[in-house]
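Participant:
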Ligand code: GLN
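Numbering (my numbering), first residue to last: 90 to 372.
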C-alpha cells in the first residue's frame, strides 16, 4: 500500500470518530513511523510501505481512534522552539502559553540574575523555556503533583536547563522573594470538566479543574503572591475565556498595580500581568 492510500483510509476512519483534523493527524502519525515529512507522505503515490511500518502505524492509529491526544501518542510537543516530552501525567502545552512565556522573557531581558517561580509547572514548558532564554535567571519549577514534577525534571535534563524544583501546594515550600511569578493554573470550572473535548478529558484533571467557578487558583495566588514577590516584582498568569474582569479585580483588591489583560492569537483575553510594590517599597 502507498502512503497516499493508507492515509486516505486512516483519515476517513479518524473523521468517523469526530477527530478535528483527521488528514493532518494521520500524516503526522505516519511521519512519526517513517521519518518522512507529512506533506511528502500525503502526495506519495509510489512508495510501497514495509509491512512493519504499516503495522506500527495501525497501532498508533488505533490509539488516536480512541481520541487519545496526538501529542501523547507522539510523546512530544514543540513549545518555544524546544521539544518537550509529554504523557498523561502532564497537561499538553498550548501555543497560547508561548505568549505568556514570551512576555516573561521580555520583562526579564534587562534584569541581572532574576529569581523566577513557575507555579503549576506541569511539563515545565514555561519555566524551562524561560531558563533557556535567560541564562542569568534562577528559575524554580513547582507543582503539587509528584508525577508532573518527574516529567518536568526529565524535560529540564533533556533540554539542558538548569532549574530548581519544588513539590508542594502553590507557595507551600516557596523560598522567595521572586522577581517574577508566572503560572498557567487550572482554570476550568469544575462542572465544565465533565463536558470537555474527548482529548482534553485524557489530560490530568488536576491540571484543569479550577474549582466551582474556575477561579480558585487566582484567588489563592492573588492573595499569597505578594508575600513571595520582591518589591516591584511581576505576576503573570494565563486565564480562561471570560475570567479577565474577575481576575483583575482579585489582583487589585490584593494590592497589585499596573494590572493589564492581554489577548491571544484568537483575540481572546488570555493573560494578565500585574506588579506588586510592597508598602515599604513606597516609602
Ligand atoms: N505550566 C504547564 C502548561 O502551561 C501546566 C499547566 C497546568 O498544569 N495547569 O502547560
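Ideal Cβ placement from N, Cα and C applies to all residues, glycine included.
In whole angstroms, what is the alpha-carbon distance linking residue 340 and residue 100?
Facilitator: Roughly 46 Å between the two C-alpha positions.
Participant: Given that a residue counts as buried once 16 or more other Cβ atoms are within 10 Å of its Cβ, and exposed if not, what is residue 317?
Facilitator: Residue 317 should be labelled buried.
Participant: By Cβ distance, which residues of its chain are closer than 7 Å to residue 245, with the 5 residues on each side in sequence left out?
Facilitator: The answer, listed in chain order, is 213, 217, 252.
Participant: Confirm, please, whether the CB-CB distance from residue 306 to residue 275 is below 8 Å.
Facilitator: In contact: residue 275 and residue 306 (Cβ atoms closer than 8 Å).
Participant: Does DSSP put residue 305 in a helix, a strand or coil?
Facilitator: In this structure, residue 305 counts as helix in the three-state DSSP scheme.
Participant: Skipping 5 residues on each side, what residues in its chain have a beta carbon closer than 7 Å to that of residue 248?
Facilitator: Answer for residue 248: 171, 217, 221, listed in chain order.
Participant: Under 8 Å between C-beta atoms, does residue 281 make it to chain D?
Facilitator: As a matter of chain content, chain D is missing from the structure shown, which is built from one protein chain.
Participant: Assuming residue 126 and residue 288 make a contact with CB atoms under 8 Å, what is their CB distance in whole Å?
Facilitator: Not a contact, Cβ separation roughly 24 Å.
Participant: Take residue 79 and list the residues in its own chain whose beta-carbon comes closer than 7 Å to its own, dropping the five residues that flank it on each side.
Facilitator: In the structure as shown, the chain starts at 90 and stops at 372, and residue 79 therefore has no counterpart that could be examined.
Participant: Cα separation between residue 191 and residue 198?
Facilitator: Roughly 11 Å between the two C-alpha positions.
Participant: For the ligand GLN, which residues count as neighbours when the test is a C-beta closer than 6 Å to any heavy atom?
Facilitator: My final list is 180, 182, 186, 209, 210, 211, 212, 214, 215, 273, 274, 275, 296.
Participant: Do residue 323 and residue 259 have their C-beta atoms closer together than 8 Å?
Facilitator: Not in contact: residue 323 and residue 259 (Cβ atoms no closer than 8 Å).
Participant: Assuming residue 174 is part of the beta strand (DSSP E), what are its boundary residues?
Facilitator: Residues 171-174.
Participant: Would you call the CB atoms of residue 385 and residue 351 closer than 8 Å?
Facilitator: This structure does not reach residue 385, given that the chain is present from 90 up to 372, and the question cannot be answered.
Participant: Nearest by alpha-carbon distance to residue 299: which of 284, 292, 315, 279 is it?
Facilitator: Comparing Cα-Cα distances from residue 299 to each of 284, 292, 315, 279, the minimum goes to 279.
Participant: Which partner residues does residue 317 have in the DSSP bridge list?
Facilitator: None, per the DSSP bridge assignment.
Participant: Using beta-carbon positions only, say whether residue 189 and residue 337 come within less than 8 Å of one another.
Facilitator: Against a cut-off of 8 Å, the Cβ pair of residue 337 and residue 189 comes out as no contact.
Participant: Using three-state DSSP, classify residue 150 as helix, strand or coil.
Facilitator: Residue state, collapsed to three classes: helix.
Participant: Report yes or no: do the segment 146-154 and the segment 101-111 share at least 3 C-beta pairs separated by less than 8 Å?
Facilitator: The answer is yes - the segment 101-111 touches the segment 146-154, with three or more Cβ pairs under 8 Å.
Participant: What separation, rounded to the nearest whole angstrom, lies between the Cα atoms of residue 149 and residue 91?
Facilitator: Computed Cα separation, rounded: 18 Å.
Participant: Relative to the alpha-carbon of residue 327, which residue among 361, 320, 297, 346 has its alpha-carbon at the smallest distance?
Facilitator: Nearest option by C-alpha distance: 361.
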